[in-house]
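Undergrad:
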Amino acid sequence: MKFLSALALTLCTSVALATPLESRSGTILTQAEVEARFRPYNITASSTGGCITRSISTCTSYDGFYSGTVNGVISLRQGSGASGLVVTGGTEVGHASSSVYSHSNGYKADLRHVAALDNYIKGQFTRIGDRSDGYPQWQSPSGNLFCDEGSHWDITIY
Ligand SMILES: *[C@@H]1O[C@H](CO)[C@@H](O)[C@H](O)[C@H]1NC(C)=O
8 MKFLSALALT LCTSVALATP LESRSGTILT QAEVEARFRP YNITASSTGG CITRSISTCT
68 SYDGFYSGTV NGVISLRQGS GASGLVVTGG TEVGHASSSV YSHSNGYKAD LRHVAALDNY
128 IKGQFTRIGD RSDGYPQWQS PSGNLFCDEG SHWDITIY
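Residue numbering for the sequence shown follows this note's numbering, starting at 8 and increasing by one per position.
Okay, structure coming up:
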């Protein structure tokens, strides 16, 4: 009984403290943890430098991704029916970081265009106004953003 009320108190406290955005973003993961989650879905990384080091801008790093971002990429892979996805940008330095919801903070990933993914995003999500830099963007019911930067998708998972 004591245990149960302590548990109930803990649950209530964490629900009250966590904003919806925080709870969806989940927990920060390591490079190895993200690789292990992506591997079964054939989600791979590509970078001009052919490397994964977060402090080098030409690498594509998974180090510091939120689990919510990882789940978002996996959902796109599953929903789109693509045989795989290629991540071309992660938490490495060199991306814009004006917002809390940035690459470096683990909320954003860049994905290579592939027809199944393009069709899925444009078919499932709502076309909203262009981003301030003019690139078209789509939004999911939960608020996640999918911006077509021309050479790739820039996705933000809140
Ligand atoms: C894995 O994904 C790549 C594209 O990212 C694709 O070319 C390849 O065929 C996929 N492999 C399998 C086994 O589906």
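Cβ atoms here follow ideal geometry from the backbone N, Cα and C, with glycine treated the same way.
Please read these numbers as outputs of a predicted model, since none were measured by experiment.
Closer than 5 Å from C-beta to any heavy atom of ligand 1: which residues, in chain order?
TA: Listed along the chain, these residues meet the criterion: Asn49, Ser90, Gly91, Val93.
Undergrad: Tyr114 to Ile164, Cα distance in whole Å?
TA: On the sequence shown, residue 114 is found 107 positions in, with the first residue counted as 1. On the sequence shown, residue 164 is found 157 positions in, with the first residue counted as 1. So the alpha carbons of these two residues sit roughly 5 Å apart.
Undergrad: If we ignore side chains and look at the alpha-carbon of each, how far apart do Ala123 and Ser139 end up?
TA: Against the sequence shown, residue 123 aligns to sequence position 116. Against the sequence shown, residue 139 aligns to sequence position 132. Straight-line Cα distance between these residues: approximately 26 Å.
Undergrad: CB Gly71 to CB Gln131, shorter than 8 Å?
TA: Counting from one through the sequence shown, the residue named residue 71 turns up at place 64. Counting from one through the sequence shown, the residue named residue 131 turns up at place 124. No, these two residues do not count as a Cβ contact at 8 Å.
Undergrad: Helix, strand or coil: how does DSSP classify Asp125 here?
TA: Position 118 of the sequence shown, counting from 1, holds the residue named residue 125. Asp125 falls in the helix class under three-state DSSP.
Undergrad: For the alpha helix (DSSP H) that contains Ala39, what are its first and last residues?
TA: For the purposes of this step, residue 39 is taken as the residue at position 32 of the sequence shown. Run containing Ala39: 38-45, per the alpha helix (DSSP H) assignment.
Undergrad: If you measure from the beta carbon of Gly97 to each beta carbon in chain C, is any gap under 8 Å?
TA: The structure shown contains no chain C, having only a single protein chain.
Undergrad: I want to know whether the segment 64-80 touches the segment 31-51 - three or more CB-CB distances under 8 Å.
TA: Contact holds: three or more Cβ-Cβ distances are below 8 Å.
Undergrad: Short of 7 Å in beta carbon distance, which residues of its chain neighbour Phe153, apart from the five on each side in sequence? Order them along the chain.
TA: Against the sequence shown, residue 153 aligns to sequence position 146. Excluding positions up to five away in sequence, the list reads Ile128, Phe132, Gln144, Trp145, Trp160, Ile162.
Undergrad: Which value, in whole angstroms, describes the spacing of the CA atoms of Ser147 and Ser62?
TA: For this step, residue 147 is matched to residue 140 along the sequence shown. For this step, residue 62 is matched to residue 55 along the sequence shown. Answer to the nearest angstrom: the Cα atoms are 31 Å apart.
Undergrad: Ser68 to Ser109, Cα distance in whole Å?
TA: Position 61 of the sequence shown holds residue 68. Position 102 of the sequence shown holds residue 109. Approximately 14 Å, taken between the alpha carbons.
Undergrad: With distances taken from CA atoms, which of Ser104, Gly101, Glu40, Val94 is nearest His120?
TA: In the sequence shown, counting from the first residue as 1, residue 120 sits at position 113. When only C-alpha atoms are compared, the closest one is Val94.
Undergrad: Which whole-angstrom value describes the C-beta separation of Gly96 and Asp117, a residue pair presumed to lie in contact below a C-beta threshold of 8 Å?
TA: On the sequence shown, position 89 is the one that residue 96 refers to. On the sequence shown, position 110 is the one that residue 117 refers to. Going by Cβ atoms, the distance from Gly96 to Asp117 rounds to 3 Å, so yes, they are a contact pair.
Undergrad: What is the DSSP secondary structure of Arg84, counted as helix, strand or coil?
TA: Position 77 of the sequence shown, counted from the start, is the residue given in the question as residue 84. It is helical.
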